[in-house]
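Asker: Position in the sequence shown (first residue = 1) + 135 = my numbering. Just so it is clear, CB atoms sit at the ideal spot from N, CA and C, and this is done for glycine as well. Predicted model, so just to flag it, every value in this text is computed and none were measured.
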Amino acid sequence: MMYDQSYNRNSLNKLIRRGDFRDTKGMPHEVFREQLIQLAIRTASDGFETINPLEKIHLKKKPAYKAANLHDQLVLRKMGANLKRHLTKTPTNRSRVTSSLRSLLEEAVPYTIVRLDISAFYESINSAILTENIESLTTLNPYTKLQLRNLLKHYENLGGTGVPRGVGLSSILSDLYMQNFDSEVSSLDQVYYYARYVDDMILVVNPKKSAVIVSEIENILPTGLRLNEKKTRCCSACSGINTSDKMCYRNLTLVVEFLGYEFLVENPEKAPDRGQRRSVHIEISRAKIARIKKRMMLSLLSFARNGDFELITDRFKYLSSNFGITDKNTGKRVLAGIFYGYPLLDDNAESLRELDAFLRALIFHQHGRFSGANAVAFSSKQRRKLLAVSFVKGHRERNYVNFSTRRIGKIQECWRHG
């Protein structure tokens, strides 16, 4: 069946999500659905000529944007669905990228890992060139083109540059802007592997290429974009593991952080048999570990203020277990948490044990900030209940906890910016 790009009752109805019915103000769902669709059809027919669908907010201290209301959001979803079908490659999948990277790092050949980051990615996209790219899509619905042009104009009128951060459609617009670049980088000579996740790039290249690869990337970056030099990293595995160079058999060869993981690459201690591969051990990245620890401390500080033991228990379970959430971009129910967020980890990974040790130090007042006069008092019964919480068990046993959307909002309240 041919894909329907038009903005009609049937096509818009398919994009309504369960979470959209959270605030119906007592209205029957079918009445609410019909009203939502009719408002969206009216908005779509306007083409955003007179209606500004964006509302400015702040996200992690940065200016961001969201749909002004639900029917505008429904139209933005349809615009994204229409545009997504015109991308030449599917958006990057974190699980697939990290699994591929692990396999490549195991290879017994010399290679250099190059990590690159684009400064102010969304804000630096050239909107005029992006608009030209949109107009060049001959099979894209004319109404969608009109809506995209007007959306970018409204965004500029709000003081924005590039594409609006925080709007799901922007990730699709940025992929459209980058698709020629992505293809060109993948085709560069001596580039074994390339992946980009939003503004974060990783390349596996021939070491002979490492001296020039960064300048080559800079030369082909789309107009307006530049690399963040402070985040540029290059590290090399030594010259193949089938060498007689004794220095090559040190255990740890290099450490690579990407997409929340830390990849620790090791060579064999002795000259290997023919065809032997490097060993790659995977942990949670240091930045993610620090973030989880900060959230545990913020949870304890919140408990010290409100004494809500059930809430701190749920917060620790949320961090160390698994649960279902609704993907804000697709509307689908997905599994998240310590296992589903880090499926490549061994069940007894050092990073999981480190988090368990940190949690126990907090419970027993052994962490400097919460010891002595600053100690938070738990009863023996409360302490026993908290000691049952474990990151290792949450990962190994796939422990699942069921939280409502409202409860998750309450859980996240104390670390909203942490």
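1) Quick one: measure Cβ to Cβ for G215 and L286, integer angstroms, because I've assumed they're closer than 8 Å.
2) Could you check what DSSP says for G544 in three-state terms: helix, strand or coil?
3) Are G294 and Y200 closer than 8 Å when you measure CB to CB?
4) For S379, does the count of other Cβ atoms within 10 angstroms reach 16, so buried, or fall short, so exposed?
5) Thinking just about the alpha-carbon of each residue, which of L222, T185, L446 is nearest to the one in D317?
6) Measure the C-alpha to C-alpha separation of F398 and L236 and round it to an integer number of angstroms.
7) Round the Cβ separation of F451 and R533 to the nearest angstrom and send it over; I've been treating them as touching at under 8 Å.
8) Assuming contact is defined by CB atoms lying nearer than 8 Å, are G476 and S456 in contact in what I supplied?
9) My assumption, with CB atoms under 8 Å, is that L82 sits in contact with A175. Please give the rounded CB distance.
10) Can you list, in chain order, the residues of its chain with a C-beta nearer than 6 Å to that of R229? Leave out the 5 residues immediately preceding and following it.
11) Taking the straight line between their C-alpha atoms, what separation do you get for T279 and E258?
12) Closest to I546 by CA distance: which of F438, P478, R368 is it?
13) Look at H530 and D491 and say whether their C-beta atoms are less than 8 Å apart.
14) Looking only at its chain, what residues have a beta carbon closer than 6 Å to the beta carbon of C370, apart from the 5 residues adjacent to it on each side?
15) Using 10 angstroms around the beta-carbon of G544, count the other beta-carbons present and answer buried if the total reaches 16, otherwise exposed.
16) Answer yes or no: do L480 and I417 have a C-beta to C-beta separation smaller than 8 Å?
17) According to the neighbour-count rule (16 or more other Cβ atoms, all chains shown, within 10 Å of its Cβ), is T274 buried or exposed?
Answerer: Taking the coordinates as given:
1) Contact flag wrong, Cβ pair sits at about 11 Å.
2) helix
3) no
4) At S379 the pLDDT is 43, less than 50, meaning the model places this residue with poor confidence; the figure from the coordinates comes in the next sentence. Result: exposed.
5) L222
6) 9 Å
7) That belief does not hold up - the Cβ atoms of F451 and R533 are roughly 17 Å apart, past 8 Å.
8) no
9) The question about residue 82 has no answer, for the chain in this structure spans 136 to 553.
10) L394
11) 22 Å
12) F438
13) no
14) I248, L389
15) exposed
16) yes
17) exposed
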